[in-house]
Amino acid sequence: MGFKLRNDNKAFEMAFDKNNFDHHGFKEDAFKINIPFGELSAKQWLFDGIKILYSETNLDKPAELDWKGDTELVTMHFNLQGRTSIRQDGMSNSFELNGNQHNLFYGNNAEGKMKFDELQMKSFMVQFAKDSFLTISKDGNESLKQFADKIVSGTPVAFSNSNLNIDLPLQTCINSILNCDYSNGLKRLFLLSKTIELLVLQAESFNNHQNSKSEYIKHNYDKERIVFARDYLVQNIESPPTLVELAKIAGINEYKLKRGFKEIFNQTAFSYLSDLRLEMAKNDLLEGKKQATEIAFELGYCSLQHFSNAFKKKFAITPSQVRR
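Residue numbers (the numbering used here): 171 to 494.
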């Protein structure tokens, strides 16, 4: 079958061609599909036993859709917006990924539910043919090796027993894939390198979670408020609120926001904002469409010198060196 999506009244099926995962060239597609109560639009890239899939789903009203897949795959799942539950044959428990959460799964018979509370869902996945993943991960850390051993034995498994949060390095890597301007062979090489980077960051995220102290933010509502605060910061990056103002806007007390933000995103709100500004600046410089002075002003730096110092501290080169 491949993949099926349905509600009580309608069903949509999409077959997976296993030859796609055996293909050693490069293939890129974009498509839109009418689904029960709405529309799904997606972009996908296929190369070297790997499929990258980004999808946006928009519904006319809140709904809960069932999905089912029967293809043997290793899947890096990044739930950017909305909620998805995953039940895997052979696993003792199901996983519900909320917005801004990720995990890594292996199996060949999976099913679950997509829950739409906001009428929109955004999902980013990297799917590997079994042999491709084992080749890429063979020199990984101990956690990845244990995960690979389960795959070799054919045992369905999740990389982490609890879902992990998407921090800025992961989000930046995903954005670079979605905004890649290379074509053909160069694009394939770029996407392959970013796929490996994502796997490294995901393994690092798991290790950080394993070594962290007990979880402070326990309730989904508080996590959602902190993700909302992050999104508000990003949307108002040119004139961001103070932490006190942000806490009021997000509907959460200042201490919980401060501590919870660091727990979820592995850095303070100020540090997240600073790093995001610099990543945006680097992209603008690489595109060559703006001068450093203009970029510094747009991103809220008080002076070009302040911007240059911060840029060099993060990337070990000056803004002028990026443009050469």
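All residues carry an ideal CB built from backbone N, CA and C; glycine is no exception.
{"Check": "Separation of F265 from N436, as counted between CA atoms", "Outcome": "22 Å"}
{"Check": "Integer-rounded CB distance, given that H379 should sit under 8 Å from L334", "Outcome": "6 Å"}
{"Check": "Residue-level contact to chain C via CB, F477, 8 Å cutoff", "Outcome": "Absent here is chain C; the protein component of the structure consists of one chain."}
{"Check": "C-beta contact flag for L289 and L235 at 8 Å", "Outcome": "no"}
{"Check": "Every unbroken beta strand (DSSP E) within the segment 315-389, with a cutoff of 3 residues, ordered by chain", "Outcome": "none"}
{"Check": "Within 8 Å, strictly: CB atoms of L371 and A399", "Outcome": "no"}
{"Check": "Spatial neighbours of S473 in its chain, beta-carbon cut-off 8 Å, leaving aside the 5 residues before and after", "Outcome": "A466"}
{"Check": "Spatial distance of Q316 from K357 (CA atoms)", "Outcome": "31 Å"}
{"Check": "Buried versus exposed, by CB contacts within 10 Å (16 or more), M171", "Outcome": "Since pLDDT at M171 reaches only 41, below the 50 mark, its modelled position is unreliable, and the value read off the structure follows with that caveat. Burial call: exposed."}
{"Check": "According to DSSP, residues forming a beta bridge with I222", "Outcome": "W215 and V296"}
{"Check": "Pairwise C-alpha distance: S313 and N377", "Outcome": "8 Å"}
{"Check": "Cα-Cα separation, F182 to A233", "Outcome": "At F182, the pLDDT of 49 sits below 50, so the modelled position is not reliable; the number obtained from the coordinates is stated separately. Straight-line Cα distance between these residues: approximately 15 Å."}
{"Check": "Integer-rounded CB distance, given that L369 should sit under 8 Å from M246", "Outcome": "7 Å"}
{"Check": "Length of the line joining the Cα atoms of Q405 and G269", "Outcome": "17 Å"}
{"Check": "Beta-carbon proximity check, Y276 vs I220, cutoff 8 Å", "Outcome": "no"}
{"Check": "H272, buried or exposed, once every other Cβ within 10 Å from all chains shown has been counted against 16", "Outcome": "buried"}
{"Check": "Residue from S225, D445 and D351 with nearest C-alpha to S293", "Outcome": "S225"}
{"Check": "Run of the beta strand (DSSP E) containing K202, from where it starts to where it stops", "Outcome": "F196 to I205"}
{"Check": "Start-to-end residues for the beta strand (DSSP E) that takes in G277", "Outcome": "Q271 to G277"}
{"Check": "Candidates F360, D445 and D401: closest to D149 by CA position", "Outcome": "This structure does not reach residue 149, given that the chain is present from 171 up to 494, and the question cannot be answered."}
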